[in-house]
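Below: one structure, written as structure tokens.
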Amino acid sequence: MQIPQAPVANLCVDLHAHTTASDGALSPQELVERAAVRGVTHLAVTDHDTTAGVAAAQEAAQQTGLRVIPGVEVSTLWQGREIHLVGLGLRGHPVLEQGLAYQQAQRWERAETIVTRLARNGVAGAEAVIDQRGADAPGRSHFAEWLVAQGAVRDRQQAFKRYLGRQGRAWVRPGWVSLETAVRWVHVAGGRAVLAHPYAYGMTGAWLRRLCEAFAGAGGEAIEVVTGRTTPTQVRDALGLSLRHGLAASCGSDFHAPGTGLEPGHLAPLPVSARPVWDHAPELLAPDGP
Ligand code: MN
Ligand code: MN
Ligand code: MN
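Okay, so the sequence shown: first residue is 832 according to the numbering used here, each after it adds one.
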């Protein structure tokens, strides 16, 4: 007689998603509901420079079979470029909290400067964006939405091109923490550091290899091999980077809002030769959490 096997857990892992705590359109509860309905089993809530959405997401997840992994997406600077680092499996720690408070202060300061520069360039009233945000720091996409709503620009793309992007009239050089320091914050808080969306930086292959080398050298553990927007070629190339630099493979949709073509959990599978970050760090998927 055959011994019945325990059912193999049908994993659906999404390790990168946003809520209204940063520039996502859904509240933590709404995000969890949307992910649960789509069969996601493990969802990392990774808002920009804040963990403010995590507790509400975890609470909402208690009504579902889904597990929330506490995370964050830290904006960093490396060689003068803005690089995003996803921290996964975080426990609270004063060093991380102070670090994120510093990043939030940078965000508030940037928002004030954007308001001033927009006004100087004939777009008055952008302080409304700051007022609407309450306690959560405004990001550039909030200004982009406001510019579109005001009719100052045609769409989000034009908002970045004309005002908010690197060549725009209201561009503010960010004062983010270094990549190496952000890795340290994540580690001190018991988390794992993941290099986010390697193909979103517009880097050449040589620069990407340099970045991965620096990231691995700083102790970073993984790289996003699959995101909601990666092409099959990019997945193949990112797998190459992960193998070459000894980084585990992560996958995350980077979901921000319904109607964008992305959905929580809507991801291509990791390539079979990839080493998933949850194999490297099994505590991420453990039932009682990291
Ligand atoms: Mn975002
Ligand atoms: Mn990002
Ligand atoms: Mn993101």
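Quick reminder that beta carbons are idealized off the backbone N, C-alpha and C, glycines included.
Please read these numbers as outputs of a predicted model, since none were measured by experiment.
If the criterion is Cβ atoms closer than 8 Å, does the pair residue i and residue j meet it?
i	j	result
Ala1001	Ile945	yes
Ala866	Pro1095	yes
Asp845	Gly1092	no
Cys1043	His1018	no
Ala942	Ala983	no
Ala1013	Val905	yes
Leu1115	Ile900	yes
Trp1016	Gly930	yes
Reducing DSSP to helix, strand and coil, say where residue i ends up.
i	result
Leu1042	helix
Pro1005	coil
Ser858	coil
Glu1011	helix
Thr947	helix
Gly953	coil
Arg1075	helix
Val1103	coil
Gly1036	helix
Arg993	helix
Leu1098	coil
Gln836	Reliability fails at Gln836, whose pLDDT of 42 lies under 50, so the model's placement of it is uncertain and no value is given.
Val903	strand
His924	coil
Pro969	coil
Pro1118	coil
With DSSP as the reference, please indicate the residues paired to residue i in a beta bridge.
i	result
Ser1081	Glu1055
Trp909	Arg912
His873	Val844 and Arg898
Arg1023	Leu919
Phe1086	Ala848
His1028	Answer is none; His1028 lacks a bridge partner.
His879	Glu904
Whole angstroms is fine: what's the gap from residue i's alpha carbon to residue j's?
i	j	result
Val868	Asp880	27 Å
Tyr1032	Asn841	33 Å
Arg1152	Ala1053	There is no way to answer for residue 1152, as the model of the chain reaches only from 832 to 1121.
His849	Ala1099	19 Å
Val1108	Ser1081	5 Å
Gln860	Ala1069	32 Å
Gly956	Ala950	7 Å
Ala837	Gly1021	Unreliable placement is indicated for Ala837, whose pLDDT of 44 sits below 50; the coordinate value is still reported in the next sentence. Cα to Cα, the separation comes out at about 31 Å.
Ala1117	Leu908	32 Å
Ile834	Tyr933	Because Ile834 carries a pLDDT of 48, less than 50, the predicted location of this residue cannot be relied on, and no value is offered for it.
Cys843	Ala1088	19 Å
Thr895	Leu862	12 Å
Pro1102	Val1066	8 Å
Ala852	Leu1074	34 Å
Gly855	His847	12 Å
Arg898	Val885	11 Å
How about residue i: is its C-beta nearer than 8 Å to some C-beta of chain B?
i	result
Gln929	Protein chain content of the structure displayed is limited to a single chain, and chain B is not contained in it.
Does the pairing of the stretch 987-1004 with the stretch 875-891 give three or more beta-carbon distances under 8 Å?
no
Does the stretch 909-926 come within contact of the stretch 1016-1035, defined as at least 3 CB pairs closer than 8 Å?
yes
Cβ contact check for the stretch 933-948 and the stretch 1050-1070: 3 or more pairs under 8 Å:
no
Just checking, does the stretch 964-978 make contact with the stretch 1007-1016 on the three C-beta pairs under 8 Å criterion?
no
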